[in-house]
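In what follows, a single structure is set out as structure tokens and then discussed.
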Amino acid sequence: MQYLENEYLKIAVAEHGAELSSIWDKKRNKELLWQADPKFWNRHAPILFPFVGNVVNDEYRYKGQTYHMSSHGFARDMEFDFVGKTDDSISFSLKATDETRAKYPFEFELIVTHKLEGNKVNVIWEIKNLSDSEPLYYSIGGHPAFRCPINEGEKRTDYKVKFHDAKDLKYVLIIQATREVDHECPTKLTLNGDILDITEHLFDKDALIFDNNQVKKVSLCTPDGKPYITMDCSEFPSFGLWSKPVIDAEYVCLEPWFGRCDNKGFRGELPEKYGEQELAASGSRTISYSISVN
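Take the sequence shown: its position 178, counting from 1, is numbered 178 in UniProt numbering, and each next residue is one higher.
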């Protein structure tokens with residue numbers, strides 16, 4: 001585990017999955033990141049790469065060959081190499097191995113950096129295509145879980161989600177039997193202004209998925225409507241809002257994504273998959289989002 005702190009925050013990042021594992025708020029003297037109670041969900045903030053969500057039957061196709069891939073790819077379950085640390089940042093790296101090539105036939109490097117900037121954690125991903133002749137196809141996303149509630153005597157259902165500058169939001173759901181997205185049946189989100197109440201049954205049908213760059217900035221709010229966590233994910237086309245549906249699961253995930261589960265009925269090749277990203281030979285791309293403690 002590597003640690004980093006400033007006058008506002010102290011964070012911890014694990015070598016396993018380069019996973020953000022703690023956000024300690026010095027002002028409140030509280031932990032704000034979910035602490036991975038296995039009774040409900042045994043992760044903190046996994047990085048989803050090179051897939052976000054599931055592929056149908058845990059299979060996908062590329063150049064006529066079928067490969068097997070588990071939910072959310074493999075990066076979250078692998079040991080990253082420690083790259084280095086500065087006064088305000090920690091970086092880890094994952095490169096293609098024989099193990100990854102067997103299920104994902106691409107040469108890549110993923111560099112994950114967590115950087116402190118005042119009361120904000122910047123999460124920065126650099127994806128590199130290490131092939132000098134073939135494109136790299138990938139999806140990538142964040143899955144941070146935040147404590148909800150954060151105060152004694154409160155319940156998750158006392159809390160709220162604030163969608164900044166969002167109007168007429170529509171979400172789609174995952175078909176549980178196949179793990180496909182029912183993209184042809186969007187549902188309008190009922191808000192009070194820009195506020196969504198976290199009700200007991202909000203997550204009964206799994207994640208609420210917002211496509212088409214609908215969600216750019218979102219906050220978790222205490223019962224009085226004041227944000228305590230704000231995520232800026234303006235460059236991400238898709239966004240997921242999720243928790244286990246049981247009321248005792250005291251966390252909510254804010255999930256910025258490039259790519260997601262397959263659309264209902266999709267059986268094409270990887271480059272045709274919804275939200276799939278393409279990186280040219282020898283190319284690189286940097287993607288980031290931020291978590292602010294309010």
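C-beta: ideal position from N, C-alpha, C; glycine also.
From a predicted model like this one, the values you see are computed outputs, not experimental measurements.
Next item on the list: Determine which residues share a DSSP beta bridge with residue 73 and list them.
Entry: In the DSSP output, where bridge partners are listed per residue, residue 73 has 49.
Item checked: 8 Å CB neighbourhood of residue 42 in its chain, flanking five on each side removed -> 36
Margin query: Quick test of your reading: residue 112 and residue 23, contact by CB under 8 Å. State the CB separation rounded to the nearest angstrom.
Written below: Their Cβ separation, rounded to whole angstroms, is 16 Å, which puts residue 112 and residue 23 out of contact at 8 Å.
Note to self: Let me make sure I understand the geometry here. Which of 29, 292, 49 has the alpha-carbon closest to that of residue 277?
What the structure shows: 49
Next item on the list: Report all residues from its chain with a CB closer than 6 Å to the CB of residue 196; omit the five preceding and five following residues, and keep chain order.
Entry: 161
Check: Just reading off the beta strand (DSSP E) that residue 81 is part of, what are its end residues?
Finding: 81 to 85
Check: First and last residue of the beta strand (DSSP E) that includes residue 158?
Finding: Residue 158 -> no beta strand (DSSP E), and no H or E assigned at all.
Checklist line | Paired residues, beta bridge with residue 1 - DSSP | finding: For residue 1, which the question treats as bridged, DSSP gives no partner whatsoever.
Notebook entry, point to check: For the candidate residues 45, 203, 67, 128, whose alpha-carbon lies nearest to that of residue 18?
Noted result: The shortest Cα separation from residue 18 among 45, 203, 67, 128 belongs to 45.
Check: In the region 174 to 250, which residue ranges form an unbroken beta strand (DSSP E) of at least 3 residues, counting only runs that do not cross its ends?
Finding: 195 to 197, 208 to 210, 217 to 221, 227 to 232, 238 to 242
Notebook entry, point to check: Which residues in the same chain have their Cβ closer than 8 Å to the Cβ of residue 56, if we skip the five residues on either side of it in sequence?
Noted result: 178, 179, 180, 262, 266, 267
Notebook entry, point to check: Are there 16 or more other CB atoms within 10 angstroms of the CB of residue 233, so buried, or fewer, so exposed?
Noted result: buried
Check: Quick one: what's got a C-beta closer than 8 Å to residue 168's C-beta in the same chain, skipping five residues either side?
Finding: 188
Checklist line | Contacts around residue 166, its chain only, beta-carbon distance under 7 Å, and the 5 residues preceding and following it disregarded | finding: 194, 214, 215
Check: Exposed or buried, residue 246, counting other C-beta atoms within 10 Å across all chains shown (16 or more means buried)?
Finding: exposed
Next item on the list: Could you check the C-alpha separation between residue 217 and residue 236 for me, to the nearest Å?
Entry: 10 Å
Notebook entry, point to check: Does DSSP put residue 149 in a helix, in a strand, or in coil?
Noted result: Under the three-state reduction of DSSP, residue 149 is assigned to coil, being neither helix nor strand.
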